[in-house]
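Below: one structure, written as structure tokens.
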Amino acid sequence: MTNPTAMQVPPREGDPEITPEIVADHGLTPEEYEKVLKIMGRDPTFTELGVFSAMWSEHCGYKNSKRLLRLLPTQAPWVIQGPGENAGVIDVGDGYALAFKIESHNHPSAVEPYQGAATGVGGILRDIFTMGARPVAVLDSLRFGDLDSGRVRYLFAGVVNGVGDYGNCVGIPNVGGEVQFDRGYEGNPIVNAMCLGLMRHEELITAAATGNGAPLMAVGARTGRDGIHGATFASEELSEDSDESSRPQVQVGDPFTEKLLLEASLELIASGAISGIQDMGAAGITSSASEMAGRGGSGVELEMTDVPVREEGMTPYEILLSESQERMLVVAHPGREDEVREILEKWELEAAVIGQVTDDGKFRILENGNVVGDIPALPLTDGCPTYEREGIESEQVVALREMDLTEHMTAEGDLTKDFLSLLRSPNVASKRWIYEQYDTTVRTGTAVRPGGDSGVIRIRGTSRAIAATTDCNGRLVYLEPRTGAMAAVAEAARNLVCVGALPTAITNNLNFGNPLKTHIYYQLREAVLGMREACSAFETPVTGGNVSLFNETDGKAIYPTPVIGMVGVIDDISKIIRHAFNSAGDDIVLLGTNSGELGGSEYLYVTYKLVAGHPPSVDLEAERLLQQAVLKMNHEEVLNSAHDCSEGGLAAAIAECALGNGETPLGVSAEVDEDLAPIVSLFGESHGRIIVSTSPENTERVLAIAALYDVPAKRIGTVTEMASGFSIKVRSGSVQARMTDVAEAYFDSIPNIMDAPTGSEA
Amino acid sequence: MKVAVITFPGSNCDYDLFKAAQQVGGDAQFIWHRERGLESYDAVLLPGGFSYGDYLRAGAIARMSPIMEDVIEFAKTGRPVLGICNGFQILCESGLLPGALMHNISLKFESKDVMLRVDRSDTMFTKDYTTGQVLRIPIAHGEGNYGADDETLKALEDQGRVVFRYVDRDGEPSDEANPNGSWNNIAGITNETGNVLGMMPHPERAMEKLLGSTDGLALFTSMAGSIQPS
Numbered sequence: 056m057t058n059p060t061a062m063q064v065p066p067r068e069g070d071p072e073i074t075p076e077i078v079a080d081h082g083l084t085p086e087e088y089e090k091v092l093k094i095m096g097r098d099p100t101f102t103e104l105g106v107f108s109a110m111w112s113e114h115c116g117y118k119n120s121k122r123l124l125r126l127l128p129t130q131a132p133w134v135i136q137g138p139g140e141n142a143g144v145i146d147v148g149d150g151y152a153l154a155f156k157i158e159s160h161n162h163p164s165a166v167e168p169y170q171g172a173a174t175g176v177g178g179i180l181r182d183i184f185t186m187g188a189r190p191v192a193v194l195d196s197l198r199f200g201d202l203d204s205g206r207v208r209y210l211f212a213g214v215v216n217g218v219g220d221y222g223n224c225v226g227i228p229n230v231g232g233e234v235q236f237d238r239g240y241e242g243n244p245i246v247n248a249m250c251l252g253l254m255r256h257e258e259l260i261t262a263a264a265t266g267n268g269a270p271l272m273a274v275g276a277r278t279g280r281d282g283i284h285g286a287t288f289a290s291e292e293l294s295e296d297s298d299e300s301s302r303p304q305v306q307v308g309d310p311f312t313e314k315l316l317l318e319a320s321l322e323l324i325a326s327g328a329i330s331g332i333q334d335m336g337a338a339g340i341t342s343s344a345s346e347m348a349g350r351g352g353s354g355v356e357l358e359m360t361d362v363p364v365r366e367e368g369m370t371p372y373e374i375l376l377s378e379s380q381e382r383m384l385v386v387a388h389p390g391r392e393d394e395v396r397e398i399l400e401k402w403e404l405e406a407a408v409i410g411q412v413t414d415d416g417k418f419r420i421l422e423n424g425n426v427v428g429d430i431p432a433l434p435l436t437d438g439c440p441t442y443e444r445e446g447i448e449s450e451q452v453v454a455l456r457e458m459d460l461t462e463h464m465t466a467e468g469d470l471t472k473d474f475l476s477l478l479r480s481p482n483v484a485s486k487r488w489i490y491e492q493y494d495t496t497v498r499t500g501t502a503v504r505p506g507g508d509s510g511v512i513r514i515r516g517t518s519r520a521i522a523a524t525t526d527c528n529g530r531l532v533y534l535e536p537r538t539g540a541m542a543a544v545a546e547a548a549r550n551l552v553c554v555g556a557l558p559t560a561i562t563n564n565l566n567f568g569n570p571l572k573t574h575i576y577y578q579l580r581e582a583v584l585g586m587r588e589a590c591s592a593f594e595t596p597v598t599g600g601n602v603s604l605f606n607e608t609d610g611k612a613i614y615p616t617p618v619i620g621m622v623g624v625i626d627d628i629s630k631i632i633r634h635a636f637n638s639a640g641d642d643i644v645l646l647g648t649n650s651g652e653l654g655g656s657e658y659l660y661v662t663y664k665l666v667a668g669h670p671p672s673v674d675l676e677a678e679r680l681l682q683q684a685v686l687k688m689n690h691e692e693v694l695n696s697a698h699d700c701s702e703g704g705l706a707a708a709i710a711e712c713a714l715g716n717g718e719t720p721l722g723v724s725a726e727v728d729e730d731l732a733p734i735v736s737l738f739g740e741s742h743g744r745i746i747v748s749t750s751p752e753n754t755e756r757v758l759a760i761a762a763l764y765d766v767p768a769k770r771i772g773t774v775t776e777m778a779s780g781f782s783i784k785v786r787s788g789s790v791q792a793r794m795t796d797v798a799e800a801y802f803d804s805i806p807n808i809m810d811a812p813t814g815s816e817a
Numbered sequence: 664m665k666v667a668v669i670t671f672p673g674s675n676c677d678y679d680l681f682k683a684a685q686q687v688g689g690d691a692q693f694i695w696h697r698e699r700g701l702e703s704y705d706a707v708l709l710p711g712g713f714s715y716g717d718y719l720r721a722g723a724i725a726r727m728s729p730i731m732e733d734v735i736e737f738a739k740t741g742r743p744v745l746g747i748c749n750g751f752q753i754l755c756e757s758g759l760l761p762g763a764l765m766h767n768i769s770l771k772f773e774s775k776d777v778m779l780r781v782d783r784s785d786t787m788f789t790k791d792y793t794t795g796q797v798l799r800i801p802i803a804h805g806e807g808n809y810g811a812d813d814e815t816l817k818a819l820e821d822q823g824r825v826v827f828r829y830v831d832r833d834g835e836p837s838d839e840a841n842p843n844g845s846w847n848n849i850a851g852i853t854n855e856t857g858n859v860l861g862m863m864p865h866p867e868r869a870m871e872k873l874l875g876s877t878d879g880l881a882l883f884t885s886m887a888g889s890i891q892p893s
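As they're listed, the protein sequences go chains A and B. Numbering (this note's numbering) for the first sequence: 56 to 817. Numbering (this note's numbering) for the second sequence: 664 to 893.
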């Protein structure tokens, strides 16, 4: 279709005049505004300016990340739907397809943690069920400042409550996620929510508006004045006064309506009465209608006075940019509008025809029949300028990375005391305080609950299951973005193989600072390149995701945090493995080697409040072989448990295996003979290591399989009774503790911090 | 066994109960809350979830749904009515069971496995258990703190209508084993005639080893076995 030009539209009475200040307030640069003028062939009206502002925000337009995102591998034979739709979709066997995606709600959560987090979950659920899939699991990936701040505890408690209440009410089990606490996130918490949905292949539906004259219907909740310009807000830095002034940009969620909308949407799709459906998420009606037109190669015409609203007197500008939650835009087959209404009515919701699909390639807005906006649709959605910026590494980061850590590595001290301090650190300690507020068992499909390496959901009626995990250690990405991003992908894959799943595909959430700054753009580019390398090596294509930039407060950026949400497939549910040791007398085998770095470790942060040094190197080939070896061992059923080694290092990982869920802890007697300082042996966070336990008669086979895949493997000890305690000897030192002390340090830490009576909350 | 699973707007364990009923050989049907007529069923199940978003008070709006009149009539015939979680809350709100479920004493949603002791194994819901048996069953609720006035509580205890109690692994009721603050560690009760059971824990989530426990299965086999084929 040739690009149509905009028709002349007189200014709407009462709307402000377009001035350079108003353009700047809408987040458009003078160059971008020039491009708007070129597309329009005239000055935009105030309504049109609002539409461009939202669609060309970073949140919708990906203008600073699009060129980099194109570098990511997105193809594989099992990918059914790659990036560009509401969610990615992969084949998982037996006629089933999995829709999955991760999304951020960082800015809203910084201002209003409960609602910000709740609506983050709501949005990602809608992205999944608009594909025709029934949501079956949620995960959440969270970052906060240190918990010694009352403000941070308030944000943390509010976010967890919001994530929980929303998912609990809709009835979607939370099966995993992660949280990290570090001063690097003090002013800007990260709230990423991931959702997985299952469907039969034939149930897949997309979000394209096709068929000239087909009615467009708004379904679900009414449109109100909340969240106006949320997408633009999400694309700015926060400042000290963002707290008060930005509240109106935060949406308010209603999970009860969401549950009804979920059921109604799936029933609508099954009825065949509609040809397309999309969530009115960021930038509301504007983005859903224009994106559906863009995908369908068509146009849309919307009558603002037909949109069901919550209050009188809303302007077209407000209606178009509202981010009221729990709304959908549906393209109905002509003549079947009443069927749509009946289904919505059954679920006690509304449906209203608000416009139609056209064939003129325009995004046209009417008010009482008068045209108040007329924009060529394709340039609006695809014409957003994209930038490739200069990226230069920060000298400060280089200095931190190159810091000499010899003294820290060889420090004399009480290793047992250090070990217990590490277990007590909220970054290592049990996250039970969080996930006991989440319904993890609803839908009776959760085979592995939170607290293990990955969550696992069975596919009913088959022998298969889906595993999912989210991972990213922002400190490592901060110190060396490319290595850190590779590490995130590698850790995610290890977490999947530790439950017996084959890593299959990823969704990513790129949480970064302001990309207009050269050192932030450097982080972004390097992280994408690292992700690209790792995803190619593991054959885990990226099927979609989300970008959240401008995560800065008063000029201070978060650690670059490219969260990886990875999914894997388990062919035989009877072979799921878990992280906990299960029998005294079993052998403990360490797979992989310690590459000797201490950089970026939790030990340095806990002991010295230091984030420095070279992060552990990532050997992608070795990682791949390790994954294959563990899957082979599991296939032969010679493993009794498997656990990835990450934050806190080897000692913490072995403690987690011994503790399990805390009900029936076992003891450990191990000896690790490495030519390394004790601190590095015990607390270094080398990648590519997995701790497995095996019945003694199978140990030989485990070692033989490891050898087959060139994976270094060594029997390092024995699982003992709890009363024998926890003992790990290294070359010149040891950790010796009673299991009750280990359990107390690990399980009681976060509850002690969060449930202790405190003074002021903010 | 023909089983009706009542679905209210906001129910989210209806599918799980449906599957549980099927697993013990039941012919399960979903009944939307606006439908009427339960005469032809052998058992009625009220699922967990957040009917009407728990607005006002958990279960307070659902009890006004048209189908609840039929549930009350059905209960009078002596056939089994089982309410789990939100279903228990609705049974209390509708007067089929005494007492009320308040916010958990922690003021937080509590989701975990708990230990339950079977205090009565002579009900139509528990005859496949033994008295004193300790079960592992998941809970997931924000308002499960059972309370009633002294008289009601005494009647419940004197008449042996407390069917399940929160206990520790040795079967002893204790504050530590009580996940929500329920008085007398009450987890499940019946009406005077013993055919209406309300409980906060989710036996339908403990029906398979894969999911962590099979201790809920006997509740459904008990119910199936108590029903005279119609």
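We put the beta carbon where it would ideally sit given N, CA and C, even for glycine.
Any C-beta of chain B under 8 angstroms from that of residue i
i: I514 (chain A); result: no
i: I805 (chain A); result: no
i: T499 (chain A); result: yes
i: L45 (chain A); result: One cannot answer for residue 45 (chain A) here, as it falls past the ends of chain A, which runs 56 to 817.
i: C553 (chain A); result: no
i: A484 (chain A); result: no
i: F311 (chain A); result: yes
Enclosing beta strand (DSSP E) for residue i [first to last residue]
i: W695 (chain B); result: D690 to W695
i: Q333 (chain A); result: I329 to D334
i: F418 (chain A); result: K417 to E422
Per DSSP, the bridge partner or partners of residue i
i: I625 (chain A); result: A:A520
i: Y151 (chain A); result: A:G148 and A:R255
i: I561 (chain A); result: A:V597 and A:M621
i: K769 (chain A); result: A:L645
i: V503 (chain A); result: A:V511
Residue interval of the alpha helix (DSSP H) (run including residue i)
i: S108 (chain A); result: F101 to M110
i: E76 (chain A); result: P75 to D80
i: V661 (chain A); result: E657 to Y663
i: I631 (chain A); result: That residue, I631 (chain A), is in no alpha helix (DSSP H); it is neither H nor E in DSSP.
i: P85 (chain A); result: P85 to M95
Residue-level contact to chain A via CB, residue i, 8 angstroms cutoff
i: E867 (chain B); result: yes
i: S611 (chain B); result: Past the edges of chain B, shown from 664 to 893, lies residue 611 (chain B), and the structure says nothing about it.
i: F772 (chain B); result: yes
i: D679 (chain B); result: yes
i: F713 (chain B); result: yes
i: P801 (chain B); result: yes
i: L719 (chain B); result: no
Cβ-based burial, residue i [other Cβ within 10 Å; buried from 16]
i: A325 (chain A); result: exposed
i: N606 (chain A); result: buried
i: Y663 (chain A); result: exposed
Any non-hydrogen atom of the ligand SAM within 7 angstroms of residue i CB
i: M664 (chain B); result: Of the ligands one can find in the structure shown there are none, so the ligand SAM has no counterpart to examine.
Indicate whether the contact test is met: 3 or more Cβ pairs, each with one atom in the segment 109-128 of chain A and one in the segment 586-606 of chain A, closer than 8 angstroms. yes
Does the pairing of the segment 727-736 of chain A with the segment 685-702 of chain A give three or more beta-carbon distances under 8 angstroms? no
Validate contact between the segment 561-578 of chain A and the segment 239-255 of chain A using beta carbons, cut 8 angstroms, 3 pairs: yes
Tell me, please, whether the segment 506-522 of chain A touches the segment 197-207 of chain A by the rule of three or more beta-carbon pairs shorter than 8 angstroms. no
Segment contact flag, the segment 708-720 of chain B with the segment 671-683 of chain B, C-beta cutoff 8 angstroms, min 3 pairs: yes
Can we say the segment 303-312 of chain A touches the segment 715-731 of chain B, given the rule of at least three CB pairs closer than 8 angstroms? yes
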